[in-house]
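Residue 86 is where the sequence shown starts when you use my numbering, and the numbers rise one by one after that.
The beta carbon of each residue, even a glycine, is placed where N, CA and C say it ideally should be.
As the structure is a prediction and not an experimental result, all values here were calculated from the model.
Notes follow the structure.
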Amino acid sequence: MGGFGVPLRRKQFILLVFFLLQIQSLCLDMDSRPTSEVCATHTISPGPKGIKGELGDIGDQGSIGKTGPFGKKGDKGEKGLPGIPGGKGKAGTVCDCGRYRKVVGQLDISVARLKTSMKFVKNVIAGIRETEEKFYYIVQEEKNYRDSLTHCRIRGGMLAMPKDEAANTLIADYVAKSGFFRVFIGVNDLEREGQYVFTDNTPLQNYSNWKEGEPSDPYGHEDCVEMLSSGRWNDTECHLTMYFVCEFVKKKK
């Protein structure tokens with residue numbers, strides 16, 4: 086038994102050495118083959134989870150993706166601040182419009198005259214009186230004497246000048262039936278105190294119709310003349326305002 090045990094141990098030792106050599110040879114072959122080939126024939130169990138590594142560098146920007154669907158229209162935003170004023174524009178071309186400017190100017194004058202005439206007609210609501218040679222209008226717009234003169238003149242007339250009984254009676258009747266008490270007429274002594282003349286500078290030689298005791302002018306301030314509804318004349322102060330009568334000469338046919 087004792088002699089038999091020694092060969093058996095030697096055999097076991099030889100087998101063990103042989104086994105180790107085989108394993109070494111196998112490991113050498115595995116080292117010479119690709120990892121994927123080794124893993125294909127050998128099962129490797131995963132190891133424990135390692136520690137989280139550091140954050141890597143930012144990668145390159147990817148390509149633009151496809152446009153997504155349009156969203157719903159948003160609410161209107163608040164009004165922004167005023168923008169910066171723009172630069173000065175280029176000068177326009179010179180207009181050769183001298184003749185047009187003249188036409189426009191004449192048109193403006195005509196329109197202004199028409200407006201003035203319309204206003205004048207509106208103010209003359211008491212009607213018209215006329216003789217064979219003249220028209221008479223009572224202007225129902227209170228003005229002082231000088232403004233009354235101007236008002237009649239710019240319309241092609243003059244303050245009424247009753248140079249005879251017929252004209253005086255017609256104007257007096259006109260005033261009375263219109264419901265007025267007094268009006269300015271075209272008589273004054275503005276140029277020379279006490280020397281009354283019509284507004285066309287003709288003297289009162291042939292006709293006048295002064296109220297009894299007139300013209301008096303005790304203080305030298307009554308240089309203009311008014312006609313009362315009775316037809317009588319009275320000297321009065323020129324700065325006073327009242328209605329007045331304009332006369333217009335009829336155009337001969």
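- One alpha carbon belongs to Gln280, the other to Lys336, and they sit about 32 Å apart.
- With contact defined as three or more Cβ pairs closer than 8 Å, the segment 301–320 and the segment 263–276 are in contact.
- For Ile223, the three-state secondary structure derived from DSSP is strand.
- In terms of Cβ geometry, Tyr230 and Tyr259 do not form a close pair [threshold 8 Å].
- When the five nearest sequence neighbours on each side are left out, the beta carbons in the same chain lying within less than 7 Å of the beta carbon of Thr254 are those of Gly316, in order along the chain.
- As computed with DSSP, Asn319 is found in a beta bridge with Glu311.
- Under the three-state reduction of DSSP output, Gly190 falls in the helix class.
- A distance below 8 Å separates the beta carbons of Val330 and Leu244.
- In the DSSP assignment, Glu250 falls within the unbroken alpha helix (DSSP H) covering 250–262.
- The beta carbons of Tyr292 and Lys228 sit no closer together than 8 Å.
- In chain order, Glu278 place their CB closer than 8 Å to the CB of Gly305, counting only its own chain and leaving out the 5 sequence neighbours on each side.
- For Gly132 and Gly138, the gap between their C-alpha atoms comes out near 16 Å.
- For the set Leu234, Trp318, Gly242, the Cα lying nearest the Cα of Glu250 is the one of Trp318.
- Rounded to the nearest whole angstrom, the CA to CA distance from Gly153 to Gly177 is 49 Å.
- Glu332 is bridged by DSSP to Tyr221, Met243.
- Asp320 and Gly190 have their C-alpha atoms roughly 43 Å apart.
- Ranked by Cα distance from Pro303, the options Leu199, Glu322, Gly165, Gly172 are led by Glu322.
- The C-beta of Thr284 has 16 or more other C-beta atoms within 10 Å across all chains shown, which makes the residue buried.
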